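Position 37 (the sequence shown) corresponds to 58 in my numbering; numbering is contiguous.
Yeah, the Cβ is synthetic: ideal placement off N, Cα and C, and Gly gets one too.
This one's a predicted model, so the numbers in the text were calculated from it and none came from an experiment.
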Amino acid sequence: MPYRDAAGIWTIGYGHVIRPHEKKTLTKLTEPQAAALARRDLEPVELYLRAIHPRFESPINQHQFDGVLSFAFNVGLRALEESTLLRLLRVGDFAGAAEQFDRWVFITVVDGRGNRIKKVNRGLVNRRRMDRAIFEWGVYAD
């Protein structure tokens, strides 16, 4: 069933953002459909990472790749490209890159006066903890 994520964005399955042309058709998914949609959503992120990681100063291993893939899927490629996390990863500072996961836990909310406020989101704290565990230790959640 579609749901609004913490930022209020309509989402379905494993984090697929429902686009305007999908609103009428993506109302319910089976497990295989959700998995297929997730694989399709991950393809461009994976292609991007596969294209850039050979130029890193130090090679990354599979679980580091997977942790960054999960992170980039969630925050988007533009955010990844502009991130300190990627800058540190490119120069081989894996410990510094790992610490950066913990900085990506904020959502922007609008208060009663119309002010935009950054707020820590518990779901993103948990998500980043999982992304970082994959990146640092190869610990994949069930």
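Cβ distance (whole Å) where residue i is taken to contact residue j below 8 Å
i	j	result
residue 155	residue 87	5 Å
residue 119	residue 153	6 Å
residue 79	residue 117	Rounded, the Cβ-Cβ distance is 12 Å, inconsistent with contact.
Boundaries of the beta strand (DSSP E) in which residue i is found, first to last residue
i	result
residue 33	31-33
Alpha helix (DSSP H) segment containing residue i, residue limits
i	result
residue 89	83-96
residue 66	52-73
residue 115	115-121
residue 106	105-111
Residues near residue i by beta carbon distance below 8 Å, same chain, minus five either side
i	result
residue 137	129, 130, 131
residue 70	86, 89, 90, 93
residue 127	139, 140, 141, 142, 145
residue 76	111
residue 98	65, 66, 69
According to DSSP, residues forming a beta bridge with residue i
i	result
residue 37	33
residue 25	31
Residues near residue i by beta carbon distance below 6 Å, same chain, minus five either side
i	result
residue 10	The displayed coordinates of the chain run from 22 to 163. Any statement about residue 10 would go beyond what the structure contains.
residue 27	128, 142, 144
Close Cβ partners of residue i (< 7 Å) along its chain, the five nearest in sequence each way excluded
i	result
residue 30	38
residue 67	90
residue 35	55, 59
residue 161	155
Exercise. Which runs of the beta strand (DSSP E) fall wholly inside the segment 127-154 and span at least 3 residues, in chain order?
Worked result: 127-131, 137-141
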